[in-house]
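Everything on this sheet refers to the single structure shown next.
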Amino acid sequence: RHPEVKWAQRSDKLYITIELPDANNPKVKLEPEGNFCFSAVVGKDQALYEVDLDFFDRVNVEDSKINIGLRNIVCVVKKEEKKWWKQLVKTEGKRLPFLKVDWNKWVDEDEENDVGEGMDLGGVDFSKLGMGDDDVDDNEPEDDDEFGSENQAAEGKLSKEL
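Using the UniProt record's numbering, read the sequence shown as starting at 1 and increasing by one per residue.
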């Protein structure tokens, strides 16, 4: 299964929002080549939701940020080169039905300088996250209140690989 994924861009960054309320054990992996992977389980039946995207160009993992909330996961992914992309992913002509434009964050290229930043994720970034969760048993149940408030970032649940 795929969660709904919304996106918008600026010349220097991407806004990726994964709409998945009550996600348990969320994992995000971002690679400099532009590979973005997400997985989480939801509900009593532990339904697995996954996303694997190959971004149009390279990204800066160290300067990218993430916030895991109760209703969604918001990522601000820094582009390696400051330029507008003609599309989000490399695959041309192949429509991904779960991928939608985030019109609430969308700004046209010629209007970018007229809009403020407005996306503070509390300083959580991919570079400060663990390199994996090898010690975690994926079959162990997670506490329902693990994530706290919607603006509280998850700790130790994400991985980055360079």
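Idealized CB from N, CA, C, for every residue including glycine.
Please read these numbers as outputs of a predicted model, since none were measured by experiment.
Handout entry: C-alpha gap between D57 and W85, whole angstroms
Key = On the sequence shown, residue 57 is found 57 positions in, with the first residue counted as 1. On the sequence shown, residue 85 is found 85 positions in, with the first residue counted as 1. Between D57 and W85, the C-alpha separation is close to 8 Å.
| query | For V42 versus V59, is the C-beta spacing smaller than 9 Å? | reply | Mapped onto the sequence shown, residue 42 falls at position 42. Mapped onto the sequence shown, residue 59 falls at position 59. No. Outside cutoff.
Please report whether the beta-carbon of P21 lies at a distance below 9 Å from any beta-carbon of chain D. No chain D is part of this structure, which consists of one protein chain only.
Alpha carbon to alpha carbon, what distance is there between L14 and E111?
Position 111 of the sequence shown, counted from the first residue, corresponds to residue 111. Position 14 of the sequence shown, counted from the first residue, corresponds to residue 14. Taking the straight line from one Cα to the other gives about 16 Å.
Q) Which residue or residues does DSSP assign as beta-bridge partners of L48? A) Within the sequence shown, residue 48 is the residue found at index 48, counting from 1. According to DSSP, L48 bridges with V41.
For K94, the first and last residue of its enclosing beta strand (DSSP E): Here residue 94 refers to the residue found at position 94 when the sequence shown is read from its first residue. Here K94 belongs to no beta strand (DSSP E), and DSSP marks it neither H nor E.
Exercise for review: Give me whichever residues DSSP pairs with V77 in a beta bridge.
Suggested key: By one-based count along the sequence shown, residue 77 stands at place 77. For V77, which the question treats as bridged, DSSP gives the partners L14.
* Please classify E19: does DSSP put it in a helix, a strand, or coil? => Position 19 of the sequence shown holds residue 19. E19 falls in the strand class under three-state DSSP.
Report task. Evaluate L20 with the Cβ neighbour count: other Cβ atoms within 10 Å of its Cβ, from every protein chain shown; 16 or more gives buried, anything less gives exposed. Result -> Within the sequence shown, numbered from 1, the residue matching residue 20 stands at position 20. The residue in question, L20, is buried, as its Cβ has 16 or more Cβ neighbours within 10 Å.
Going by DSSP in three states, E33 sits in which element: helix, strand or coil?
Position 33 of the sequence shown holds residue 33. Coil, per DSSP.
Handout entry: Other residues of its chain near F98: CB distance less than 8 Å, five sequence neighbours each side excluded
Key = Taking the first residue of the sequence shown as position 1, residue 98 is located at position 98. So the list reads H2, P3, E4, V5, V51, once near-sequence residues are dropped.
- With DSSP collapsed to three states, give me the class of Q87. In the sequence shown, counting from the first residue as 1, residue 87 sits at position 87. In this structure, Q87 counts as coil in the three-state DSSP scheme.
ask   = Between the Cα of F36 and the Cα atoms of K94, K79, A47, which residue gives the shortest distance?
value = Numbered from its first residue, the sequence shown carries residue 36 at position 36. With distances taken between Cα atoms, F36 lies closest to K79.
*asked:* Does K94 pass the burial test, meaning 16 or more other C-beta atoms within 10 Å, or should it be called exposed?
replied: Position 94 of the sequence shown, counted from the start, is the residue given in the question as residue 94. Per the 10 Å Cβ criterion, exposed.
| task | Please confirm whether A23 and A8 have their CB atoms less than 9 Å apart. | result | Translated into the one-based positions of the sequence shown, residue 23 becomes position 23. Translated into the one-based positions of the sequence shown, residue 8 becomes position 8. Taking 9 Å as the Cβ cut-off, A23 and A8 do not qualify as a contacting pair.
Report task. Hey, could you find the ends of the beta strand (DSSP E) N60 is sitting in? Result -> Counting from one through the sequence shown, the residue named residue 60 turns up at place 60. Element bounds for N60: 59-68.
Can you give me the start and stop residues for the beta strand (DSSP E) that W7 sits inside? What you label residue 7 is simply residue 7 of the sequence shown in a count that begins at 1. Start and end: 4-9.
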